[in-house]
Amino acid sequence: MQFVSRQKKLLPNSQTELYGQCLQFYGQPPLENIALSEFETFAVERLKLLKTVENLGVSYVKLSEQYKKKLDQEFKNLNFPYRADADDRKSQSGPSEIEKRRKDHISHFILRLAYCQTEDLRRWFIQQEVDLFRYRFSSLSSKQKLEFLHKNNLQYDAISVEEKKALQDKLVNSSYAVSGITVEDQDFYKVPFQDALDLVRTRKVYLKAGYVYIPHQDIVTIVLNDFRTRLSKALALTARSLPAVHSDERLQPLLNHLSHAYVGQDYSIQKNVGKISLEQIDSLSGKSFPLCMRQLHQALRENHHLRHGGRMQYGLFLKGIGLSLEQALQFWRSEFIRGKVDADKFDKAYAYSIRHMFGKEGKRTDYTPYSCMKVILSNPPSQGDHHGCPFRHSDPELLKQKLQFYKVSPSGISQILELVKGMHYQLACQKYFELTHNIEDITFSLNHPNQYFVESQKVLGGGKDIKREMDTTQRLQEKSGRGSTAAREAAAAANVSQHLAEMTEELDSFFQDA
Amino acid sequence: MEHVQKNYFQNREFSFTLKDDIYVRYQSFTTQNELEKEMQKMNPYKIDIGAIYSHRPNQHNTVKSGTFQALEKELVFDIDMTDYDDVRSCCSAADICCKCWTLMTIAIRILDRALREDFGFQHLLWVYSGRRGVHCWVCDEAARKLSVAARSAVAEYLSLVKGGEETVKKVVLTDPIHPFIRESLAVVERYFPKYALQEQDILSHRESVDKVLSLVPEDVRKELQQDFQNEKKPETRWKLLRDQATKKQATAKKGQYFEKEVMLQYCYPRLDVNVSKGVNHLLKSPFSVHPKTGRISVPINLKELDVFDPFAVPTISLICEELDRPRAGEDEEKSEESKDKENEKDAAERRKIRDYKRTSLAKYVKYFDQFLDAMARSWKGELLRKSDLQKEF
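So this is what it looks like as structure tokens:
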């Protein structure tokens, strides 16, 4: 069955009508005038909210108690609407519910402008907005959920009572949440599997002849899918109208800064190229590599080979620490030749993909080293692979053995395993850092393997100089994006708007602390 | 095929791997003839088929950046025997034998059922890869139009064995057991006694027994290690293990399905999700020759699945040999036709088309034709349905 196409929303004649519901699909863009300062504030605050959503999503299971509590807090701090029932006109300090909803609406559309430009930005923005939506939808009562569905015209066919009875066993066995009572009490809807991919992917639903059978209570996943698809299409459309937006000089610097800020340091601009020699790599792998890269390096040395996933993850990391293309080619070649690959085959088959990594082939995109998020969440290792995050992907027993082999103390190992059990993979890696560098509390929040390397070198090198260099280059990267003309433009714009400059500094420090 | 959308063939990407490992992508052709001529000219070692694009692939550089994109592609699966190296004792890496081939039979049965009954797909073509695995081409229109996210969701739905070198226990089942897992287990159970207990011998020698026992809970492991000292017969050992599982299922809430987990870890299909999810991904063409073995990638008739023998698949040398054999009554035919030069060209064409029928490829081509006919009927049915709907207005 298909969606009934959305009815065109009538233009509201009052704000209360427009913002009558706490949650919305962001189908219609805001149609008012706002001050530039409000534009900036709204955008920055939503970005902070989305950043929090991202961090919480890695540290906690989504929608767990702790996750909800922390996110609730952030909503309060940033004045975003989170309680559907708060229609109270009671005087409280701060903005009213309607004002919060208006901010929610406007800030979403502003960030669309900043995040529609590239595939990576779009993917990040959609992911956080979907998680945000999921959280807010889950907080609605059943009645409110139904209201939302009706208001947004999501209609699917319900199956007959006879069909429900016939499928009862299968329905009960397909989902932990579905009992015999659920089947009797609730309507079940037949939805084409393409509209419920999350449920199909995790096998949480009964699938027959291309349709999934969903109880009313689970309709949220469908809603999320719909939200994601629509947002994705909307962003593609927004990208086309960007040139007009960018011609407005008031907006361009802020939008540029917003889209660079999300990524923080991505280690894509190579510094210290050639400062590391190939002979140092073995010892560096023991001292300054995070566990994932140490594991990959060891596997490479032992097997004289790595499969594609491992080559990508490790190869890009090496690029990030400063290996030049020539060094990289020499490194991989000399190792592979010791294995089953002869020099000719290497030059034909593998050299191409290394040059590809450095942006010298094909699309000529300069690939960026993988962040922890990427390593943990995408492309899990299978038989024969050594990539991934050992805290996430290794059997706890094997992880323990590995840590013992690397001479981590027994108490340290149990602390790490505790964190792994709680799914705090990056925190586990931070603990590994602390234990292997013999320091009590690290001052940074780990989210990138190359960051691990840089911080490790700092600790081992006692680096005041290194720190200064890092800070300058980091600020340069965030402010200038690509190339010096942009830096000059950004500087000029910053001079023009004092407020903007203050705001962006605040943003910088927010992300450095995060 | 008359009913196909125009430009379908012209916008299909092919790739050739030539001598010295030179790889050329974005090949496309206007007609079947052009494809044939190019193949004869370039003599590719490997021929791969990719997606249908928005423009002719061989002109993709002339298209405005961002507008050249893949529009449709068959949903494909690639099962490779190397991915089972940790659970087969007879061979490893690129080798296969009749003992481990059963893994492919199991994989095909499980995946074919799921793709048809769970996902509703009808036009599936299973092909022997030529060396160590099988491919599946799902050709339904709905399948061709699937997004990357949808393909990846389908592949993950079908994945049960997870983990790399660092993972010991690759299959973990929790309550409730999804109907898909139950159906798959039913298939595995049919083959398990002969395949695993006898042919692979997983419960005979110390080392293999240890591997199996590493997958069961510690308390059960200790008991079984004891019991196995007195019981050497693999079938009985397996029964002891199953009995332990039954006991645990009555009491425990976790880790109680270990006998199912063992069976699945040793037998359940291992597919490469990355192959299935890419819309740009290219896959070896059916009927092409495998460069390392010379075997033709022939389609597998599922009605004869249990007797399919990869070592009986024709090789290119065999085909050449069969083609060189003189046909009955050939000399008379030749003298008749050579009288008329125009007829000669037609006759050559007709002969070429009839020739394969004299070779071992005949039955495979016939099976492929049946597959195509079914698709054509489906397409015709779809067209009729659509035109009926239109008539109502």
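Residue numbers (this note's numbering), protein chains in the order written: chain Y, 1 to 514; chain X, 1001 to 1393.
Idealized CB from N, CA, C, for every residue including glycine.
Contact annotation for V1168 of chain X against chain Y: D395, E397 and L398 [CB-CB distance below 9 angstroms, chain order]. Within the region 370 to 391 of chain Y, contact with chain X at the beta-carbon level (separation under 9 angstroms) is assigned to N379, P380, P381, S382, Q383, G384, D385, H386, H387, G388 and P390.
It is roughly 10 angstroms from the alpha-carbon of E1034 of chain X to the alpha-carbon of K1041 of chain X. Going by DSSP, R1012 of chain X is part of the beta strand (DSSP E) stretching over R1012 to L1018.
Judged by their CB atoms, V53 of chain Y and D120 of chain Y are not nearer to each other than the 8 angstroms cut-off. Its Cα nearest to that of L113 of chain Y, the residue Y:P29 stands out among Y:S138, Y:P29 and Y:G422. From the listed residues Y:C372, Y:A349 and Y:H257, the smallest Cα separation to Q313 of chain Y is found for Y:C372. Listed in chain order, the non-local C-beta contacts of H305 of chain Y below 6 angstroms within the same chain comprise G339, local neighbours out to five positions each way being set aside.
Contact note: Y1053 of chain X does not reach chain Y at a C-beta cutoff of 8 angstroms; the least C-beta distance is about 16 angstroms. Considering only beta carbons, the part of the region 1238 to 1271 of chain X lying closer than 8 angstroms to chain Y consists of R1270, in chain order.
Inclusion of F1077 of chain X and G1050 of chain X in the CB contact set at 8 angstroms is not warranted, their separation being larger than that value.
The continuous alpha helix (DSSP H) containing V1275 of chain X extends over residues V1273 to K1277. At least one C-beta of chain Y is nearer than 8 angstroms to the C-beta of P1179 of chain X. Nearest in C-alpha terms to P369 of chain Y, of all of Y:G412, Y:A351 and Y:L323, is Y:L323.
Taking 8 angstroms as the cut-off, the beta carbon of A1153 of chain X is found no closer than this to the beta carbon of R228 of chain Y. Within the same chain, Cβ atoms closer than 8 angstroms to the Cβ of R301 of chain Y are found at D282 and E335, the five residues on either side in sequence being excluded. For L1173 of chain X, the three-state secondary structure derived from DSSP is coil. By the rule that beta-carbons nearer than 8 angstroms mark a contact, A1153 of chain X touches chain Y. The beta carbon of I376 of chain Y lies closer than 6 angstroms to those of C389, R392 and Y425 in the same chain, with the five residues before and after it left out. For Y206 of chain Y, the neighbours in chain X by C-beta distance under 7 angstroms run, in chain order, P1179. When Cβ-Cβ separations below 8 angstroms define contact, L121 of chain Y makes no contact with chain X.
Taking Y67 of chain Y as reference, the option from Y:L149, Y:L398 and Y:Y135 with the minimal CA-CA separation is Y:Y135. Taking C-alpha positions only, F109 of chain Y is separated from A234 of chain Y by approximately 10 angstroms.
Straight through space, the alpha carbons of Y1084 of chain X and V1262 of chain X are spaced by roughly 14 angstroms. Y1008 of chain X: not part of any beta strand (DSSP E); DSSP gives it neither H nor E. C-alpha of A1196 of chain X to C-alpha of F1228 of chain X: approximately 17 angstroms in a straight line.
Residue environment analysis places I1022 of chain X among the exposed positions, since fewer than 16 neighbouring C-beta atoms fall within 10 angstroms of its C-beta. Listed along chain X, the residues sitting closer than 9 angstroms to A209 of chain Y by beta-carbon distance are R1116, E1117, D1118, F1119 and G1120.
From the listed residues X:S1285, X:Q1010 and X:C1320, the smallest Cα separation to L1125 of chain X is found for X:S1285. For the pair G461 of chain Y and L435 of chain Y, the CB atoms are not nearer than the 8 angstroms cut-off. Judged by DSSP in its simplified three-state form, P1310 of chain X adopts helix. For A1186 of chain X, no chain Y residue has a Cβ inside 9 angstroms of its Cβ, as the nearest lies near 14 angstroms away.
Counting every other CB atom within 10 Å of its CB across the protein chains shown gives D1020 of chain X a total below 16, marking it as exposed. Using a CB distance cut-off of 8 angstroms, E1013 of chain X does not count as an interface residue toward chain Y. For C1136 of chain X, the secondary structure class from DSSP, reduced to helix, strand or coil, is strand. Under the Cβ distance rule, K170 of chain Y counts among the residues neighbouring chain X, one pair being separated by less than 8 angstroms.
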